[in-house]
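S.K.: Quick one: structure below, then a few questions.
There are 2 protein chains.
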Amino acid sequence: MKQKITLKHIARELSVSISTVSKALKNSEEISKDTKDKIQAFAKLYNYKPNNIAISLKNRRTKNIGVIIPDIVHHFFTTVFRGIENYANAKGYNVILCMSDESFDKEVINMELLANGSIDGFIMALSAETQIKNDYNHLKEVAEQGIPLVLFDRITDEIECDKVVINDMEGAYKAVTKFIEDGRKQIALITTEDYYSVSRERAKGYKQALLDHNLPYRENLVLKLPFMDVDELAINEFLDREKIDAVLCVNEIYAIHSMRHVQSKGLSIPKDISFIGFTDGILSKYSTPGLTAVSQHGEKMGAIAAEMLIEKIESEKEEETYTTTVLDTTIVARGSTNN
Amino acid sequence: MKQKITLKHIARELSVSISTVSKALKNSEEISKDTKDKIQAFAKLYNYKPNNIAISLKNRRTKNIGVIIPDIVHHFFTTVFRGIENYANAKGYNVILCMSDESFDKEVINMELLANGSIDGFIMALSAETQIKNDYNHLKEVAEQGIPLVLFDRITDEIECDKVVINDMEGAYKAVTKFIEDGRKQIALITTEDYYSVSRERAKGYKQALLDHNLPYRENLVLKLPFMDVDELAINEFLDREKIDAVLCVNEIYAIHSMRHVQSKGLSIPKDISFIGFTDGILSKYSTPGLTAVSQHGEKMGAIAAEMLIEKIESEKEEETYTTTVLDTTIVARGSTNN
DNA sequence: TATTAACACGAAACCGTTTTCGAAGGGTAA
DNA sequence: TTACCCTTCGAAAACGGTTTCGTGTTAATA
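These protein sequences, in sequence, are chains D and F. Using this note's numbering, you'd call the opening residue of the first sequence number -13 and step up by one each time. Using this note's numbering, you'd call the opening residue of the second sequence number -13 and step up by one each time.
Structure below.
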């Protein structure tokens, strides 16, 4: 096992001072060509690489970004993460990934741990529990310490910081409009409880699209499910009970399950009933028929979040101007709607 | 913006030395109760938290684990990652996640970057390109520096280190045996080229199961696809050409696509033809019919990998004993086979 | 010959901790 | 009074770098 070589080793070996070695390796003008050549050759030979930790301590910059998401086994979050990682890597940053598991406590613990010097900034999507509790003191703490923060997807108005979201309202609006243009009249919405910022927005878009096209908004065509467990029975019952010819679902799982259920009753998709689901994930692509989806462009979202964060990290000036970037959605048409 | 408080600040404020503060906060016997009380109260009031970076430099321990995987938008890898993260977090470690994007160069760059002090050990699955190139010098370098390394899933015999794999051969063997017990005779295998360690093992299990049950092994019932792009036409043609009543696929995508194709031809699953796919992912669960799957227990795999790594990191002794843990698979029966 | 500038390098401080060792001061025993 | 021992604290080194400032040497200039 060959130990990592340090400046001190090189200095001792070549009988020069540590400062000379440091400068020589940075090609400083101060050092004579002879000495530089000698030192650089030696360093290359022994594959010298500066210690990241020492540099971090000195510069008070870690070149690490902390990312906290509710769950990693989740298609949308992974695409966002990919966007973050790619951009960050290209800029020389590494990414520390933590999962909150939708738990407030885990979110707080992870943040506090990382905030003690391990990272230069945070990118995060709030956990469900945090949104329900509506407690954002851990975020405020971090902001007060001057650590840059970017929120994406699951955000809150309580915190002033950079944000990236998709235009959830517009996405739902587009989807419902497509249904209407396809001649659908009985358009249902299957969503989650309101504490999610995204669900609220999508519900708004759904309602607005109906009203703008002179269709009635009817409460009984909206099914609100509590998060966490997919209540299949509630979905089945809802689909059996109401007279419906189109369904907008706020996630893939609801949509896929609904499609299976109506298919098992002998209905034909999209002839008898058509579907659109949020998040253009893997299920939409491979279901039968393919599920028309509202694409959220997760990777782009991640890249933008990373760009905003690194911009803040690297800007010297301490201006307090925050921007919220809103990404438009795209409808990806597949077999579950008439195209 | 309130700056992070350091030992030095406390020392100056209370007119004691830095060492006294440090000791007092660790409740050292050396310091009088009065002084300790005073210092601890002050520290608590100003919410003092030691700087992770400084501690890392001092201890030469970062409490960070580097994880390098080919892709994050991939169900199996995310489940493994979840297992790693959970275990590591419980042990006080953070996880730095990098993606190699199946690229040799990215794998090398990421490893070298992290190896310079940022992490205490690596957990990784080899990129496709690395396996094709069969070049593991970057792994050897890291091992030589005494940095612990655990390989999972995509491994190699060229490197001596701890490893976790699933029993791919046994998984395929089980699946084929199930087909045979269900009365299937024309059992096909759709797999990737041989450079993947996992594909090779699965092909072995497929062959062995056939031979052990006195069925012929026929080359024309095995379709080997190059990785990266799912060649849908090749699959269709293969399914149309051969007389087949059961198909084992080495991943979900192949299986789902195959099922769609035979369904579109009017065949009934599992009556006319049945399917089993590797990786019990989200597609298997939500396809119609559900895909019987060989579960790889990714989360357990991740937990074991993390356990092995942390064990190595924290053990003082420098024994060179490496173990390979082999996880057995489980068949998760669903509608694509007769049960 | 004395002054000065350029060149090449080293000493030391610093980032924020931990830890070893030494020392001041007071108390006790001989 | 002397010797010794606790108790309690601080100085300093160390982790591995960067950077400022100073200094010795040499050569050019007055």
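For every residue, glycine included, the Cβ atom is placed at its ideal position computed from N, Cα and C. Bear in mind the structure is a predicted one, so any value in this text is a computation, not a measurement.
#1: Does the CB of F/K126 have a neighbour CB from chain D at under 7 Å?
#2: Do the region 135 to 153 of chain D and the region 287 to 304 of chain D meet, that is, are 3 or more Cβ pairs less than 8 Å apart?
#3: Along the chain, where does the alpha helix (DSSP H) that runs through F/D198 open and close?
#4: F/G107 versus chain D: which residues are under 9 Å apart at the beta carbon?
#5: With a CB to CB cut of under 6 Å and the five nearest residues on each side skipped, what residues in its chain are close to D/K171?
#6: Can you pull the chain D neighbours of F/R246, defined as C-beta to C-beta under 7 Å?
#7: Hey, which unbroken runs of the alpha helix (DSSP H) at 4 residues or more fall wholly within the region 216 to 268 of chain D?
#8: Mind listing the chain D neighbours of F/P256? Cutoff is C-beta to C-beta under 7 Å, in chain order.
#9: Find the residues of chain D that neighbour F/E130, judging by a C-beta separation of less than 7 Å, and give them in chain order.
#10: Going by beta-carbon coordinates alone, are D/A(-13) and F/G132 separated by less than 7 Å?
#11: Under 8 Å: do the region 201 to 215 of chain F and the region 175 to 184 of chain F share three or more Cβ pairs, one atom per stretch?
#12: Flag this pair as touching only if the region 141 to 152 of chain D and the region 88 to 95 of chain D have three or more C-beta atom pairs under 8 Å; answer yes or no.
#13: So what does DSSP say about D/V162, is it helix, strand or coil?
#14: With which residues is D/S281 paired in a DSSP beta bridge?
#15: What do you reckon, are the CB atoms on F/E71 and D/M85 nearer than 7 Å?
#16: Which residues does DSSP list as the beta-bridge partners of F/A174?
#17: For F/V128, which of helix, strand or coil comes out of DSSP?
#18: Only counting the same chain, and skipping five residues up and downstream in sequence, which positions put a Cβ closer than 6 Å to that of D/A232?
#19: Measuring only the C-alpha atoms, how far is D/E130 from D/D121?
#20: Give me the chain F residues within the contact set of D/P36, using Cβ-Cβ distance strictly less than 8 Å, ordered along the chain.
#21: Closer than 7 Å, CB to CB, is F/S270 near chain D or not?
#22: Starting from F/Y55 and walking both ways along the beta strand (DSSP E), at which residues does that stretch end?
#23: Are the CB atoms of D/I58 and F/T64 nearer to each other than 7 Å?
#24: Quick check on D/N80: does DSSP put it in helix, strand or coil?
#25: Does chain F have any CB closer than 7 Å to the CB of D/M85?
#26: Are the region 19 to 30 of chain F and the region 239 to 259 of chain F touching, with three or more C-beta to C-beta distances below 8 Å?
#27: Apart from the five residues on each side of it in sequence, which residues of its chain come closer than 7 Å, Cβ to Cβ, to F/N50?
#28: State the Cα-Cα distance for the pair F/T48 and F/K77, rounded to the nearest angstrom.
M.R.: Per the coordinate set shown:
#1: no
#2: In short, these stretches touch, since the Cβ pair count reaches three.
#3: It spans 183 to 198 - the alpha helix (DSSP H) in which F/D198 sits, taken as one unbroken run.
#4: Chain D residues near F/G107: none, gap ~14 Å exceeds 9 Å.
#5: none
#6: T274
#7: 218 to 227, 238 to 250
#8: The contacting residues do not exist; F/P256 stays about 16 Å from chain D at best.
#9: M(-13), K(-12)
#10: The residue you asked about is not Ala; residue -13 of chain D is Met in the sequence shown. In contact: D/M(-13) and F/G132 (Cβ atoms closer than 7 Å).
#11: yes
#12: no
#13: Note: D/V162 maps to helix in three-state DSSP.
#14: D/T316
#15: It is a contact, given that the beta carbons lie within the stated cut-off.
#16: DSSP, once it has assigned bridges, lists F/V233 as partnering F/A174.
#17: Three-state result, F/V128: helix.
#18: The answer, listed in chain order, is F165, R170, I173, S260.
#19: Going from the Cα of D/E130 to the Cα of D/D121 covers about 16 Å.
#20: Going along chain F in sequence order, the residues near D/P36 (Cβ under 8 Å) are N102.
#21: no
#22: In the sequence as presented, Tyr is not what sits at residue 55 of chain F; that position holds Ile. Annotation: the continuous beta strand (DSSP E) that includes F/I55 extends over 50 to 55.
#23: yes
#24: strand
#25: yes
#26: No contact exists between the region 19 to 30 of chain F and the region 239 to 259 of chain F.
#27: Cβ neighbours of F/N50 beyond the five flanking positions: Y79, N80, I82, S104, I105, D106.
#28: 13 Å
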